[in-house]
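Numbering (full-length UniProt numbering), first residue to last: 1 to 161. Even for Gly, the Cβ is constructed at its ideal location relative to N, Cα and C. In this text the structure is predicted, and so the values were computed from the model without any measurement. Reading through the structure tokens given below for one structure.
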């Protein structure tokens, strides 16, 4: 279920912990699995559990606790918009304005995916960049700051290519 290169990545994470504590690498393993598959299916979480020698329910608890993990399919580009107070107070109407604009541009609401499967829009908690409000995160890795309507248009155009 996970490529040879993905398993090597998980093994590198496992090596950071004592031999009898492989389960400590669960977050790294879930991240690697999600990067390869786009989301964490029950079968994929079972695979991770078996690989780490831990109960599947323990893996599921981690996957459902942290917002960076997806337990249902998402679009090719997951856009997570911070909606905490500092981002709401950002320039040009902050994250409230950015949210409405994104919803209108994409034709979806929070927790939804465009019909073409390209974009999923998520509401997120603080991303630790309050001075750059409003901020967005693309696929859990790319931080986008000061997201005005013009910058949202630019980002969506870039991702649509």
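Query: So is the beta-carbon of residue 111 under 7 Å away from any non-hydrogen atom of the ligand GDP?; Result: In the structure on display, the ligand GDP does not appear, and there are no ligands present to speak of.
Query: Given a cut-off of 8 Å, decide if residue 43 and residue 84 are closer than it, judged by their beta-carbon atoms.; Result: no
Query: For the 8 Å Cβ check, are there 3 or more pairs between the stretch 91-99 and the stretch 64-77?; Result: no
Query: Measure the CB-CB distance between residue 105 and residue 76 and report whether it falls below 8 Å.; Result: no
Query: For the beta strand (DSSP E) holding residue 152, just list the boundary residues, first then last.; Result: Not the beta strand (DSSP E): residue 152 falls in the alpha helix (DSSP H), residues 149-160.
Query: Relative to the C-alpha of residue 88, which residue among 16, 1, 5, 132 is closest?; Result: 132
Query: Taking C-alpha atoms, which residue in 120, 56, 36 lies nearest to residue 45?; Result: 56
Query: Select from 50, 10, 24 the residue whose C-alpha is nearest the C-alpha of residue 35.; Result: 10
Query: Classify residue 69 as buried or exposed, calling it buried when 16 or more other Cβ atoms lie within 10 Å of its own Cβ.; Result: buried
Query: Apart from the five residues on each side of it in sequence, which residues of its chain come closer than 7 Å, Cβ to Cβ, to residue 156?; Result: 105
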